[in-house]
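This report refers to the structure that appears directly beneath it.
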Amino acid sequence: MNDQAGDDRTGWQVEAERDAARAAARKGRPDVTGMGLRALGAIVLWLMAGGLFLMGMLLPWTTTNCDYEQHAVCDKSTLDLAMAIPTLTAPLAALIGTWGAFSRRPGVAPVAWVSAVTLVLVAGVVTSAITE
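Residue 1217 in my numbering sits at position 73 of the sequence shown, and the numbers go up by one each step.
What follows is the structure, encoded as structure tokens:
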């Protein structure tokens, strides 16, 4: 069978090529289980970021009875820094991690999610170390 472009393929060959192209397009998409795991990872990240954000918001209440000789957080500049770290880090990490969880870029997306989780953990450790 000849078409106008001079192609000698039969109907079944065209259908086979179309099916192969559809299969290749589906190959890059995650399945239902993969999407569920990605959603679970994003939820865990948002919960961690929310906890970090609340830690930054509730931090001034923990320093009401302050012994200025024992705690560095009693100083106003240190308290501002300790409050700014989680307040800025939590939303940024949540957005980067959500993009990393749902992006289909194979090299960058997993690194973004893992970096966001690490950023939340490190910010929590640094903030708690400053406030102790």
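We put the CB at the ideal spot given by N, CA and C, even for glycine.
(message) Does P1250 pass the burial test, meaning 16 or more other C-beta atoms within 10 Å, or should it be called exposed?
(response) So P1250 ends up on the exposed side.
(message) Check for me: the alpha helix (DSSP H) holding V1258 runs from which residue to which?
(response) Residues 1253–1275.
(message) Going by C-alpha to C-alpha distance, which of G1244, A1267, V1176, A1165 sits closest to D1227?
(response) According to the sequence as given, residue 1227 is Met; it is not Asp. For M1227, the nearest C-alpha among the options comes from A1267.
(request) Please classify I1187: is it buried, with 16 or more other beta-carbons within 10 angstroms of its beta-carbon, or exposed? (result) That one is exposed.
(request) Grab me the residues of W1243's own chain with a C-beta within less than 7 Å of its C-beta, minus the 5 sequence neighbours each way, in chain order. (result) So the list reads A1256, once near-sequence residues are dropped.
(request) Indicate the three-state DSSP secondary structure (helix, strand or coil) for P1250 in the structure shown. (result) Coil.
(request) Could you check what DSSP says for D1175 in three-state terms: helix, strand or coil? (result) Annotated three-state conformation of D1175 is coil, per DSSP.
(request) Within the same chain, show all residues whose beta-carbon is closer than 8 Å to that of T1271, passing over the 5 residues directly before and after it, in chain order. (result) L1196, M1199, G1200, L1203, A1226, I1229, P1230.
(message) Given this structure, state the Cα-to-Cα distance separating V1264 from T1222, to the nearest angstrom.
(response) Near 20 Å, if we compare the C-alpha coordinates of T1222 and V1264.
(request) Look at the Cβ atom of M1192, then the Cβ atom of V1258, and state whether they are nearer than 9 Å. (result) For the 9 Å CB-CB criterion, M1192 and V1258 do not form a contact.
(request) My understanding is that G1185 touches A1245, with C-beta atoms under 8 Å, so please give their C-beta distance in whole angstroms. (result) Rounded, the Cβ-Cβ distance is 5 Å, consistent with contact.
(request) Indicate the three-state DSSP secondary structure (helix, strand or coil) for N1146 in the structure shown. (result) Bear in mind that the predicted position of N1146 carries a pLDDT of just 49, short of 50, making it too unreliable to give a figure here.
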